[in-house]
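**Q**
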Amino acid sequence: FRDKKKNRYKNRVNDYLKKTCIKNGSVEKWECSCNIYNNKEEEENQKSVEKLQVEKYAKKCDFKSNAFLSIFNLK
Numbered sequence: 001f002r003d004k005k006k007n008r009y010k011n012r013v014n015d016y017l018k019k020t021c022i023k024n025g026s027v028e029k030w031e032c033s034c035n036i037y038n039n040k041e042e043e044e045n046q047k048s049v050e051k052l053q054v055e056k057y058a059k060k061c062d063f064k065s066n067a068f069l070s071i072f073n074l075k
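Be aware that the sequence shown starts at 1, since it is given in UniProt numbering, and climbs by one per residue.
#1: Using the C-alpha atoms, what's the distance from Phe-1 back to Val-13?
#2: Under the three-state reduction of DSSP, which class applies to Lys-64: helix, strand or coil?
#3: What separation, rounded to the nearest whole angstrom, lies between the Cα atoms of Lys-64 and Ala-58?
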């Protein structure tokens, strides 16, 4: 019984280490996610997605004038 318990524990630990300690080149996974430059790229991607969502909403609403362009900053 104890042998099975130890084996299961070792398997769980090894699986956890495989998931969290994946090397990305010479940098480990958590270092990549905490990297300042990666966070900036994510923010830029999020801003571009939000802008595209606003453009899609503006097209869907079918406004009669182009005044919405200045409101939504879509010039």
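Yeah, the Cβ is synthetic: ideal placement off N, Cα and C, and Gly gets one too.
Computed from a predicted model, the values in this text were never measured in an experiment.
**A** Checking against the coordinates, here is how it stands:
#1: Position 13 of the sequence shown, counting from 1, holds the residue named residue 13. Position 1 of the sequence shown, counting from 1, holds the residue named residue 1. In a straight line, the C-alpha of Val-13 is about 19 Å away from that of Phe-1.
#2: Within the sequence shown, the letter at position 64 stands for residue 64. Lys-64: coil per DSSP, three-state reduction.
#3: For the purposes of this step, residue 64 is taken as the residue at position 64 of the sequence shown. For the purposes of this step, residue 58 is taken as the residue at position 58 of the sequence shown. Cα to Cα, the separation comes out at about 11 Å.
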